[in-house]
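Asker: By this note's numbering, the letter at position 53 of the sequence shown is numbered 66, and the numbering carries on one by one without gaps. C-beta: ideal position from N, C-alpha, C; glycine also. Before anything else, here's the structure in question.
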Amino acid sequence: MALPTDILLARLRNEIRACARYITSSPDLRNSKEVTFPIEIDVELLKVPGPCVEGERVVLRYSHRLRISIGRDYPFVKPHITWMTPIFHPNIMMPEDGGYVCTKLLEDWSFNSTMISFIKGVESLVTTPNPSSPFGTDSCTAAAEYFNSGERRLPPMLSAPVPRVVGRE
Numbered sequence: 014m015a016l017p018t019d020i021l022l023a024r025l026r027n028e029i030r031a032c033a034r035y036i037t038s039s040p041d042l043r044n045s046k047e048v049t050f051p052i053e054i055d056v057e058l059l060k061v062p063g064p065c066v067e068g069e070r071v072v073l074r075y076s077h078r079l080r081i082s083i084g085r086d087y088p089f090v091k092p093h094i095t096w097m098t099p100i101f102h103p104n105i106m107m108p109e110d111g112g113y114v115c116t117k118l119l120e121d122w123s124f125n126s127t128m129i130s131f132i133k134g135v136e137s138l139v140t141t142p143n144p145s146s147p148f149g150t151d152s153c154t155a156a157a158e159y160f161n162s163g164e165r166r167l168p169p170m171l172s173a174p175v176p177r178v179v180g181r182e
């Protein structure tokens with residue numbers, strides 16, 4: 014089952030508008046005759062602390078990219094998600110492993126689901142991994158072991174530095 018093209022494109026335009034602060038690129042959906050599916054939408058999550066490996070240390074990265082691919086049967090069929098940036102996470106595969114995102118939001122996708130609710134859910138997933146349900150890749154299982162080991166600390170939230178007054182001595 015699919016929505017009529019004009020209705021689908023109107024819905025997508027509304028959803029893209031609602032997600033504007035996250036979207037780095039999306040196609041022009043104004044002329045329905047020129048739109049081809051799947052539609053690719055690039056998303057960037059900023060100021061979201063997510064684990065990443067640098068050398069042999071786990072550090073926090075605050076900028077992440079993913080691609081949402083929307084088929085002709087959207088919203089009846091969930092979009093396809095591909096993670097684009099390095100991450101050390103039990104529920105998100107590294108790009109070289111396929112970039113799959115394991116999230117309940119996609120499993121429970123329905124007609125009433127929206128891109129903005131999905132993106133907000135991914136933000137939450139990035140900051141709060143579920144090590145009890147990792148993907149089977151080496152990086153995901155290593156991340157699950159790391160998060161289950163108790164070594165991790167809660168990630169600091171990125172915020173503006175507090176102004177300080179420098180006085181004379």
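#1: Could you spell out where the beta strand (DSSP E) holding Tyr-75 opens and where it closes?
#2: Note down the Cα distance separating Asp-55 from Thr-37, rounded to an integer number of angstroms.
#3: With a cut-off of 8 Å on the beta carbons, I'd call Asn-104 and Pro-142 a contact; round off their distance for me.
#4: Return helix, strand or coil for Ile-94, following the three-state DSSP convention.
#5: Quick one, are the C-beta atoms of Pro-108 and Trp-96 less than 8 Å apart?
#6: Cβ atoms of Ile-94 and Pro-51: under 8 Å apart, would you say?
#7: In angstroms with no decimal places, state the Cα-to-Cα distance between Leu-53 and Ala-155.
#8: Under three-state DSSP, which class holds Pro-51?
#9: For Val-66, I'd like the list of residues in its chain whose CB is within less than 7 Å of its CB, leaving aside the five on either flank, ordered along the chain.
#10: I'd like the span of the alpha helix (DSSP H) that includes Ile-36, first residue to last.
#11: Roughly how many whole angstroms lie between the Cα atoms of Tyr-75 and Thr-140?
#12: Hey, could you find the ends of the alpha helix (DSSP H) Met-128 is sitting in?
#13: Between Leu-79 and Thr-98, what straight-line distance do the alpha-carbon atoms span, to the nearest angstrom?
#14: In the DSSP assignment, the alpha helix (DSSP H) including Tyr-159 goes from what residue to what residue?
Answerer: The answer reads as follows:
#1: 70-83
#2: 5 Å
#3: 6 Å
#4: strand
#5: Yes, they are a contact pair.
#6: no
#7: Checking the displayed sequence, the identity of residue 53 turns out to be Glu instead of Leu. Each residue's Cα considered, the two are about 31 Å apart.
#8: coil
#9: In its chain, beyond the 5 residues on either side, Phe-101 have a beta carbon closer than 7 Å to the beta carbon of Val-66.
#10: In the DSSP assignment, Ile-36 falls outside any alpha helix (DSSP H) and lies within the beta strand (DSSP E) extending over 36-38.
#11: Straight-line Cα distance between these residues: approximately 10 Å.
#12: Counted as a single uninterrupted DSSP element, the alpha helix (DSSP H) harbouring Met-128 occupies residues 128-140.
#13: Taking the straight line joining both Cα atoms gives about 7 Å.
#14: 151-161
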